[in-house]
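Q: Letter 34 of the sequence shown, counting from 1, is numbered 34 in the UniProt record's numbering, and no numbers are missing.
Ideal Cβ positions, reconstructed from N, Cα and C, are used throughout, including at glycine.
Quick one: the structure is below, questions incoming.
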Amino acid sequence: MDPFLSWQSTLTRLISSQPDFLSVEMLPTHQGSAQWQIVQRFTHAVALDRWMANAQRQALMAELMTLKAPDGAAVREEIAPDYHALGGVTEVITTVVEPGREPEFLVWTEAIQAAQARFPGYLGSFVQAPVAGEAPHWATLVRFATPAQLDAWLGSGERRGLLDRADPTMSRWSSRRLAGGFGSWFEPDAAGTSPPAWKQTAVVLLVLFPVVILEMRFLSPYLAGLPTTVGTFIGNALSVCLVSWPLAGLAGAAMTWWLKPPAAHRWRNEIGGAAVMIALYAAEIGILSLLF
C-alpha cells in the first residue's frame, strides 16, 4: 500500500475513536494534485483542543513530515469555524479554463484567495476542480459573514487589480450569489447579517412538526387509498406550502429577539431563546400526543 494511503487509514481510525468527533475529509487540492487538504471536525472547541494535544496524533504528524516530498509545500495547520454551521452569504464563481493553462489559473487563484482572506467577514473558500463528463468548469465558493462584507471584497480595488492582471485568454468566468440558510424566510438585520443556519433550522422544525403530526392524524386517512408516492407527495407539498407561508415568517417574527439578539443583551437572549424553544418543543409534543 502507498505509505500516504496507509497514513490516511491510520489517522482515520484514530480520529474516529475520539470523543465528540464529527467527521474527517481528505481531498487533493485539485484533480491530480500531490497536495492534500485534511478537514477534521469536532462538536466543540474543547474536543478539538484535546485532539490537537493527543500524543498519538502528534506522532502521526511527525510521521507525515517524513512522507512529504523534499520540494513540496510546507505542512500547515489552521483552526477555523465550521463554515457550514454559520449564517452568511456565498458567491459561487464558475470558471472555464483553457486546456493546458490550469497551472496559471491555480497560481492566480492562490493570489486572490490570499487577498480576500484579509478582508473583514471572510469565512473561507472552496475550489472544486472540473469533474469529467459532469462539470467541465472550475467552481469556487467564496463565503463572507454578511452581504455588505462580501460586496466590499467584490468591489474592492485589490480584487479589480487582480482581475485586470489575469490574462483574459486564460479563462472565462461568471458568478452568482447564494443566500444562507432558508433564504427569504428569515430577513437579515440592518447590517445584512442573517440568523445562524442552526437557529433557522430550529424555527422551521418548530412549525413543521405540528403540521406533519396534524397531517398524519387528519389527512392521511383520506390519502390511504392512493399510491404511497402520490399520498406522500401531496402531504409534503402541503407541509412545504404552509411552512413557507405563513408559518415560518410568523415564527421568525415572534423569535426575532433570539434569532438576531442585540449586542447589549446577547447572552441573555441566547440562553432565554434556547429555553423558550425547548419549552415550545416539549409543549408541542405533549399537546399533539393527545391526538393519538
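Look up leucine 291 in the DSSP assignment and say whether it is helix, strand or coil.
A: coil
Q: With glycine 235 and leucine 247 assumed to form a contact (beta carbons below 8 Å), what rounded beta-carbon distance in angstroms separates them?
A: In fact, because the Cβ distance is near 16 Å, the residues do not count as touching under 8 Å.
Q: Quick one: using the 10 Å Cβ neighbour count with 16 as the cut-off for buried, is alanine 202 buried or exposed?
A: buried
Q: Below 8 Å CB to CB, which residues in the same chain sit around alanine 111 once its five sequence neighbours on both sides are set aside?
A: Leu162
Q: Span of the alpha helix (DSSP H) holding glutamine 116?
A: 102-116
Q: In the DSSP assignment, the beta strand (DSSP E) including arginine 41 goes from what residue to what residue?
A: 36-42
Q: Please determine, among Ala34, Phe21, Phe186 and Pro227, the residue with the shortest C-alpha to C-alpha distance to aspartate 71.
A: Ala34
Q: Taking alanine 274 as the reference, which of Ile287, Trp257 and Phe292 has the closest Cα?
A: Proximity to alanine 274 across Ile287, Trp257 and Phe292 peaks at Trp257, based on C-alpha coordinates.
Q: In terms of residues, what are the limits of the beta strand (DSSP E) holding serine 244?
A: Serine 244 -> no beta strand (DSSP E), and no H or E assigned at all.
Q: Kindly indicate which three-state DSSP category glutamine 18 falls into: helix, strand or coil?
A: Collapsing the DSSP output to three states places glutamine 18 in coil.
Q: Under the rule that 16 or more other beta-carbon atoms within 10 Å means buried, what is phenylalanine 186, buried or exposed?
A: buried
Q: Could you give the first and the last residue of the continuous alpha helix (DSSP H) run that contains glutamate 158?
A: 157-165
Q: In the DSSP assignment, the alpha helix (DSSP H) including valine 96 goes from what residue to what residue?
A: Note, valine 96: premise wrong, no alpha helix (DSSP H); beta strand (DSSP E) at 89-97.
Q: Between aspartate 49 and serine 239, what straight-line distance do the alpha-carbon atoms span, to the nearest angstrom?
A: 42 Å
Q: How would you write the range of the alpha helix (DSSP H) that threonine 201 sits in, first residue to last?
A: 197-214
Q: Grab the span of the beta strand (DSSP E) containing leucine 141 for me, first residue to last.
A: 138-144 is the extent of the beta strand (DSSP E) around leucine 141.
Q: Return the CA-CA distance between tryptophan 198 and glycine 100, expressed in angstroms with no decimal places.
A: 43 Å
Q: For the 8 Å Cβ check, are there 3 or more pairs between the region 34-45 and the region 8-24?
A: yes
Q: Can you grab the Cα-Cα spacing for the pair histidine 265 / glycine 272, in whole Å?
A: 11 Å
Q: Could you check where the beta strand (DSSP E) with valine 127 kicks off and where it finishes?
A: 122-128
Q: Quick check: what's the CA-CA separation for phenylalanine 4 versus threonine 66?
A: 10 Å
Q: Would you give the residue range spanned by the alpha helix (DSSP H) that aspartate 71 belongs to?
A: Looking at the DSSP string, aspartate 71 is not in any alpha helix (DSSP H), and its letter there is neither H nor E.
Q: Near methionine 1, which residues of its chain fall below 7 Å by C-beta distance, leaving aside the five closest residues on each side in sequence?
A: Residue confidence is low: methionine 1 scores 44 on pLDDT, short of 50, so the model does not pin down where it sits. No coordinate-derived value is stated.
Q: Going by Cα to Cα distance, which pick from Cys241, Ile38, Met277 and Val96 is closest to glutamine 200?
A: Met277
Q: Which partner residues does arginine 172 have in the DSSP bridge list?
A: Val96
Q: Is glycine 273 helix, strand or coil when you go by DSSP?
A: In the structure shown, glycine 273 sits in a helix (DSSP, three-state: H, G or I).
Q: So what's glutamate 78 in DSSP terms, helix, strand or just coil?
A: coil
Q: Report the three-state DSSP secondary structure of methionine 255 (helix, strand or coil).
A: coil
Q: Can you name the start and end residues of the alpha helix (DSSP H) that alanine 47 belongs to?
A: DSSP places alanine 47 inside the alpha helix (DSSP H), whose first and last residues are 45-52.
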